[in-house]
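Trainee: Got a structure for you, questions after.
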Amino acid sequence: MIAVLLEALAVVAALVCAALAYRAFRQHLNARAFATRTRSGMDEALFVRIGGIEQWVQIRSEDRANPVVLVLHGSMALSYMAFAPIFQHWEKHFTVVQWDRRGVGKTFGHNRQKGHGEMSLERMVLDGIELAEWLRKRLQKDKLILLGHSMGSIVGVAMAKRRPDLFKAYVGTEQVVTMARNEGKSYEMMLARLRAAGDEKNIRVLERIGPPPYANARAWGAKQRQMAKVDAAYRRAARRTIPSMILFSPAYSLKDLFDFIAGNHFSGSHLFADWMAFDAARLGNRFETPVFIIQGEADVMTPTALVEEWFGVIEAPKKAFVAIERGGHLTMFTMPDLFLEKLVAILGPAVAKDVGS
638 MIAVLLEALA VVAALVCAAL AYRAFRQHLN ARAFATRTRS GMDEALFVRI
688 GGIEQWVQIR SEDRANPVVL VLHGSMALSY MAFAPIFQHW EKHFTVVQWD
738 RRGVGKTFGH NRQKGHGEMS LERMVLDGIE LAEWLRKRLQ KDKLILLGHS
788 MGSIVGVAMA KRRPDLFKAY VGTEQVVTMA RNEGKSYEMM LARLRAAGDE
838 KNIRVLERIG PPPYANARAW GAKQRQMAKV DAAYRRAARR TIPSMILFSP
888 AYSLKDLFDF IAGNHFSGSH LFADWMAFDA ARLGNRFETP VFIIQGEADV
938 MTPTALVEEW FGVIEAPKKA FVAIERGGHL TMFTMPDLFL EKLVAILGPA
988 VAKDVGS
């Protein structure tokens, strides 16, 4: 019996070693592929003291003269640091800044649960403003482009409203407008698509989950996971593309992978109530910053009809709305080339080289 057990342990150990070796090999290949090679480029990653704690910031570009775009990641705590295959193409046009907010990724790993201080939407907005001010000095830019993706758009639209002096434009994609209406509409659309497909099994699953409001992040997450049943492109991205980029990212150690997962649970438990209470109408309808929206036409998670309704009533020095045909949620990842094309086009003159401007 002992001999059999030892043999089994040896096999398991061999498989684990092989898996780790393969991961290291893929990370090495990715590190070479994602390296910045232009003489005027930059690739920096560091902890910056923001809001009283150390927070992880990454800055990459093919040309330091590029306009700076600060990307606010989606979900409650989904770091985008690993998505170099997507954002590397942006670096020809922009200096791309990624930020692990408090409770997220490497920032969570560095501070752990007891070192994060206040966990609230207001604190995230204040942190973002402080980061933008730091970036202006660090990169010698007068203004930045601010891009909020999905739940990151909650933070982004509040930052743009509060400090228009910091931003030459705000870009919302998969924009959250009002969480209460968003969740109700999303649930209805998911149920309608399942019924249209005759998917009785998942109809029953969604009906058991029930419509919003949800008591906690776990219950809400169960509804969100049903998105994979109604959007094939989202399903491929969420189940294969994104996990693969995270697993083989040269930026992530095994500890970072653990922190990535643990940060999601930590942030979800602390921020759920704040996120669910968000209503952009409370910000007012007048913006002093240009507002641009890029939205997947068929988005079920952040329904495009609600975004168009909000966009129609806001006022801004300049505004434009682009709907990507057949695009669902995560269009930035499922249609990356088309999304980048639309982003560059919608910003227009803002993407001109702007050293010191």
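First residue of the sequence shown? That's 638 in this note's numbering, and the numbers climb one at a time after it. By construction, the Cβ of each residue, glycine as well, lies at the ideal position given by its N, Cα and C atoms. Predicted model, so just to flag it, every value in this text is computed and none were measured.
Can you tell me which residues form a DSSP beta bridge with residue 709?
Mentor: Per DSSP, 785.
Trainee: In the DSSP assignment, find the alpha helix (DSSP H) that holds residue 842 and state where it starts and stops.
Mentor: Residues 837-846.
Trainee: Could you tell me which of 756, 969, 747 sits nearest to residue 936, measuring between CA atoms?
Mentor: Cα-wise, what sits closest to residue 936 is 969.
Trainee: Does the distance from the C-beta atom of residue 726 to that of residue 977 stay below 8 Å?
Mentor: In this structure, residue 977 lies closer than 8 Å to residue 726 by Cβ.
Trainee: Count the other C-beta atoms from every protein chain shown that fall within 10 angstroms of the C-beta of residue 638, then say buried if there are 16 or more, exposed otherwise.
Mentor: The residue is exposed, with fewer than 16 neighbouring Cβ atoms inside 10 Å.
Trainee: Can the beta-carbon of residue 745 be found less than 8 Å from the beta-carbon of residue 896?
Mentor: Yes, they are a contact pair.
Trainee: Roughly how many whole angstroms lie between the Cα atoms of residue 1011 and residue 811?
Mentor: What the structure shows of the chain is the stretch from 638 to 994, and residue 1011 is not part of that stretch, so it cannot be assessed.
Trainee: In terms of residues, what are the limits of the alpha helix (DSSP H) holding residue 756?
Mentor: Where residue 756 is concerned, there is no enclosing alpha helix (DSSP H), given that its DSSP letter is neither H nor E.
Trainee: Is the segment 929-945 touching the segment 814-823 in the sense that three or more CB pairs, one from each, lie closer than 8 Å?
Mentor: Contact holds: three or more Cβ-Cβ distances are below 8 Å.
Trainee: Could you check whether the segment 767-774 touches the segment 740-756, counting it as contact only if at least three pairs of C-beta atoms, one from each stretch, sit closer than 8 Å?
Mentor: Result no; under three Cβ-Cβ pairs closer than 8 Å.
Trainee: Tell me which residues share the same chain as residue 947 and place their Cβ nearer than 7 Å to its Cβ, disregarding the 5 neighbours each side in the sequence.
Mentor: Correct list, in chain order: 814, 917.
Trainee: Considering just the uninterrupted stretch of the alpha helix (DSSP H) at residue 912, what are its terminal residues?
Mentor: That run of the alpha helix (DSSP H) goes 891-913.
Trainee: What's the gap between the Cα of residue 952 and the Cα of residue 710?
Mentor: Approximately 25 Å, taken between the alpha carbons.
Trainee: State the Cα-Cα distance for the pair residue 836 and residue 905, rounded to the nearest angstrom.
Mentor: Using only the alpha carbons, I get a separation of about 30 Å.
Trainee: Residues in the same chain with beta-carbon distance under 8 Å from residue 731, minus the five sequence neighbours each way, listed in chain order, please.
Mentor: Within the same chain, residue 731 has close Cβ partners 698, 703, 704, 705, 706, 782, 988.
Trainee: In whole angstroms, what is the alpha-carbon distance linking residue 960 and residue 943?
Mentor: Rounded to the nearest angstrom, the two C-alpha atoms are 13 Å apart.
Trainee: For residue 937, does the three-state DSSP call read helix, strand or coil?
Mentor: Coil.
Trainee: Can you tell me which of the three DSSP states residue 812 falls into?
Mentor: The answer is coil: DSSP assigns residue 812 none of H, G, I, E or B.
Trainee: What do you reckon, are the CB atoms on residue 929 and residue 808 nearer than 8 Å?
Mentor: In contact: residue 929 and residue 808 (Cβ atoms closer than 8 Å).
Trainee: For the beta strand (DSSP E) holding residue 698, just list the boundary residues, first then last.
Mentor: First-last of the beta strand (DSSP E) with residue 698: 690-698.
Trainee: Taking the straight line between their C-alpha atoms, what separation do you get for residue 769 and residue 838?
Mentor: Going from the Cα of residue 769 to the Cα of residue 838 covers about 47 Å.
Trainee: Below 8 Å between beta carbons: does that hold for residue 764 and residue 739?
Mentor: The answer is yes: Cβ separation under 8 Å.
Trainee: Since residue 870 and residue 965 should fall inside the 8 Å C-beta cutoff, what is the C-beta to C-beta distance between them, to a whole number of angstroms?
Mentor: Going by Cβ atoms, the distance from residue 870 to residue 965 rounds to 6 Å, so yes, they are a contact pair.
Trainee: In terms of alpha-carbon separation, which member of 901, 972, 924 lies closest to residue 955?
Mentor: With distances taken between Cα atoms, residue 955 lies closest to 924.
Trainee: Considering residue 978, what are the terminal residues of the alpha helix (DSSP H) in which it resides?
Mentor: Here the alpha helix (DSSP H) through residue 978 covers 973-984.
Trainee: Between the alpha carbons of residue 678 and residue 880, how many angstroms are there, rounded?
Mentor: If you take the alpha carbons of residue 678 and residue 880, they lie about 28 Å apart.
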